[in-house]
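The numbers in the working numbering rise by one with no breaks, and the one at position 89 of the sequence shown is 107. Notes follow once the structure below has been shown.
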Amino acid sequence: MTTLARPGVPVGGFKTVGQINATNDLVFRRDQNVMGIAVELLTEHTPGAPVVDEKGEFIGFISEFDILRALEAKKDLNQLTAGDVMAKDRIAVSEDTSIDEAVKLMEEKRLLNLPVKKNGKVAYSVTRHDLLRAWIGLGISIETGSM
19 MTTLARPGVP VGGFKTVGQI NATNDLVFRR DQNVMGIAVE LLTEHTPGAP VVDEKGEFIG
79 FISEFDILRA LEAKKDLNQL TAGDVMAKDR IAVSEDTSID EAVKLMEEKR LLNLPVKKNG
139 KVAYSVTRHD LLRAWIGLGI SIETGSM
């Protein structure tokens, strides 16, 4: 693995998803309004996020594509919840999943975000951007222009 040697980067580079400073900490509730979700996704510049039930259990994923399909079907986003439009696939990894495995899974499943479980609950998602940054040994500081 080719990585840059930088402060805060483990010797030999990042190895697991749990070592990454993820940039997508959005998690939506099943009953959350889709218009509000659309605005939040746009505001956060992220293409989607996991959806959880009332107990915090991972039940699906809502993406910009899901919302665009609802709009294309002439649905009123103010009348829909995340549970109405989300994909019910529950693809997720744990913090000890290797970066290599995460990249392969995202490529195979054509995912833009990959939910990460921490202590059995989905806590955040890693993006392709996060994985690329980790793979080459850059910390999150690259996002702000400082290294």
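In this text, a Cβ means the ideal position worked out from N, Cα and C, and glycines have one as well.
Whole angstroms is fine: what's the gap from residue 152's alpha carbon to residue 106's?
For the purposes of this step, residue 152 is identified with residue 134 of the sequence shown, where counting begins at 1. For the purposes of this step, residue 106 is identified with residue 88 of the sequence shown, where counting begins at 1. In this structure, the CA atom of residue 152 is about 28 Å from the CA atom of residue 106.
Distance, Cα to Cα, residue 89 vs residue 95?
Along the sequence shown, one-based indexing puts residue 89 at 71. Along the sequence shown, one-based indexing puts residue 95 at 77. Between residue 89 and residue 95, the alpha-carbon positions lie close to 7 Å from each other.
Quick one: is residue 143 buried, meaning 16 or more other Cβ sit within 10 Å of its Cβ, or exposed?
Position 125 of the sequence shown, counting from 1, holds the residue named residue 143. Answer is buried; the Cβ neighbour count reaches 16.
Applying the 10 Å Cβ sphere with the 16-neighbour rule, what's the burial state of residue 35?
Residue 35 sits at position 17 when you count from the first residue of the sequence shown. So residue 35 counts as buried.
Assuming residue 131 contacts residue 145 (C-beta within less than 8 Å), just tell me the rounded distance between them.
On the sequence shown, position 113 is the one that residue 131 refers to. On the sequence shown, position 127 is the one that residue 145 refers to. At roughly 5 Å, the Cβ-Cβ gap stays under 8 Å, so residue 131 and residue 145 are in contact.
Those residues which DSSP pairs with residue 47 across a bridge:
Here residue 47 corresponds to residue number 29 of the sequence shown, with the count starting at 1. Beta-bridge partners of residue 47 (DSSP): 70.
Residue 51 versus residue 98 - alpha carbon distance:
Within the sequence shown, numbered from 1, the residue matching residue 51 stands at position 33. Within the sequence shown, numbered from 1, the residue matching residue 98 stands at position 80. In this structure, the CA atom of residue 51 is about 6 Å from the CA atom of residue 98.
Since residue 85 and residue 67 should fall inside the 8 Å C-beta cutoff, what is the C-beta to C-beta distance between them, to a whole number of angstroms?
Taking the first residue of the sequence shown as 1, we reach residue 85 at position 67. Taking the first residue of the sequence shown as 1, we reach residue 67 at position 49. About 12 Å separates the two Cβ atoms, so there is no contact after all.
How big is the Cα-Cα spacing for residue 121 and residue 59?
For the purposes of this step, residue 121 is taken as the residue at position 103 of the sequence shown. For the purposes of this step, residue 59 is taken as the residue at position 41 of the sequence shown. So the alpha carbons of these two residues sit roughly 22 Å apart.
For residue 83, the nearest candidate out of 65, 147 and 76 (CA to CA)
Position 65 of the sequence shown, counted from the first residue, corresponds to residue 83. Closest in C-alpha terms to residue 83, from the list 65, 147 and 76, comes 65.
Going straight from the alpha carbon of residue 78 to that of residue 53, what length do you get?
To locate residue 78, count along the sequence shown from 1; it is residue 60. To locate residue 53, count along the sequence shown from 1; it is residue 35. When the Cα atoms are used, residue 78 and residue 53 turn out to be separated by approximately 18 Å.
Hey, could you find the ends of the alpha helix (DSSP H) residue 144 is sitting in?
In the sequence shown, residue 144 corresponds to position 126, counting from 1. Careful: residue 144 lies outside any alpha helix (DSSP H), inside the beta strand (DSSP E) at 139 to 145.
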